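In case it helps, the working numbering puts the sequence shown at residues 1459 to 1599.
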Amino acid sequence: MIEIEASPWQTMVLHAERVYPNECCGAMLGYMQGEKKVVTEAVPLENAYSGAQGAHYELRPEDLLNADKAARARGLDLIGIFHSHPDCDAYFSQTDLRNSCPWYSFVVLSVQNGKFDHAHSFLPDAEQMRADSEELIWPKS
Ligand SMILES: [Zn+2]
């Protein structure tokens, strides 16, 4: 289970809506509370994909590394990656699976006509063969 606090959630939704109709991406920082992951900070990162970004995103490894360092400097962990699907459901695509890492939660935000619509979280396996869905709690406004 992953729970996103109000402030990082707002950051993620705003980033997704601002970058629309392109895909956005970013890092989620937080801590473990028993079995639950709690996201307390979201860090928008630049989509580094060199082609059309309407259905692709790419994270720079150094950006991720910096996010990880920033997390640890504040006693937090890098616990997940988020990205958006413009005018598309929040599913985990084959491309997403290919670019996944098994130790992170992957939150996908569906943005329809420039407005946040819904989101899901996924836990990819180590073989990049499948991603189970993970219960996601976000602040409903
Ligand atoms: Zn995707």
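Backbone N, C-alpha and C fix where the C-beta goes; we use that ideal spot for every residue, glycine too.
Model, not experiment: these values are computed from the prediction.
Discussion item. Closer than 5 Å between the C-beta and any heavy atom of ligand 1: which residues qualify, listed along the chain?
Written reply: Answer in sequence order: S1551 and D1554.
Worksheet item: DSSP beta-bridge partners for F1540?
Response: Beta-bridge pairing links F1540 to G1484 and V1565.
Worksheet item: How about the region 1517-1536 and the region 1473-1489: do they share at least three Cβ pairs that are nearer than 8 Å?
Response: The answer is yes - the region 1473-1489 touches the region 1517-1536, with three or more Cβ pairs under 8 Å.
Discussion item. Mapping the DSSP letters down to three states, classify P1508 as helix, strand or coil.
Written reply: The question names Pro, but residue 1508 in the sequence shown is Ser. Coil, per DSSP.
Discussion item. Under DSSP, the beta strand (DSSP E) around L1534 begins and ends at which residues?
Written reply: Segment: none, L1534 is in no beta strand (DSSP E) and carries neither H nor E.
Discussion item. On the criterion of 16 or more Cβ atoms from any shown chain inside 10 Å, does E1585 qualify as buried, or is it exposed?
Written reply: By the Cβ-count criterion, E1585 is exposed, with fewer than 16 other Cβ atoms from all chains shown falling within 10 Å of its own Cβ.
Worksheet item: Would DSSP call L1522 helix, strand or coil?
Response: In the three-state reduction of the DSSP assignment, L1522 falls in the helix class, which pools H, G and I.
Discussion item. Using a Cβ-Cβ cutoff of less than 7 Å, which residues in the same chain neighbour L1581 once the five nearest sequence positions on both sides are dropped?
Written reply: Here L1581 has S1563, A1589, D1590 and E1592 as same chain residues with Cβ atoms under 7 Å from its own Cβ, once five neighbours each way along the sequence are excluded.
Discussion item. For H1541, tell me which candidate among Q1552, P1519, S1558 and E1481 has the shortest Cα-Cα distance.
Written reply: Nearest in C-alpha terms to H1541, of all of Q1552, P1519, S1558 and E1481, is E1481.
Worksheet item: Measuring CA to CA, which of P1597, D1575, N1571 and W1561 is closest to G1549?
Response: With the sequence shown as reference, residue 1549 is identified as Tyr, and Gly is not the correct amino acid for it. Distances from the CA of Y1549 to each of P1597, D1575, N1571 and W1561 were compared; the closest alpha carbon is that of D1575.
Worksheet item: Using the rule of at least 16 other Cβ atoms within 10 Å of the residue's Cβ for burial, across every protein chain shown, is C1559 buried or exposed?
Response: The residue in question, C1559, is exposed, as its Cβ has fewer than 16 Cβ neighbours within 10 Å.
Discussion item. What residue range does the alpha helix (DSSP H) around P1466 cover?
Written reply: For P1466, the enclosing alpha helix (DSSP H) stretches over residues A1464 to V1477.
Worksheet item: Thinking C-alpha only, which one of G1538, G1509, V1496 and D1545 is nearest P1502?
Response: Across the set G1538, G1509, V1496 and D1545, the C-alpha of G1538 shows the shortest separation from the C-alpha of P1502.
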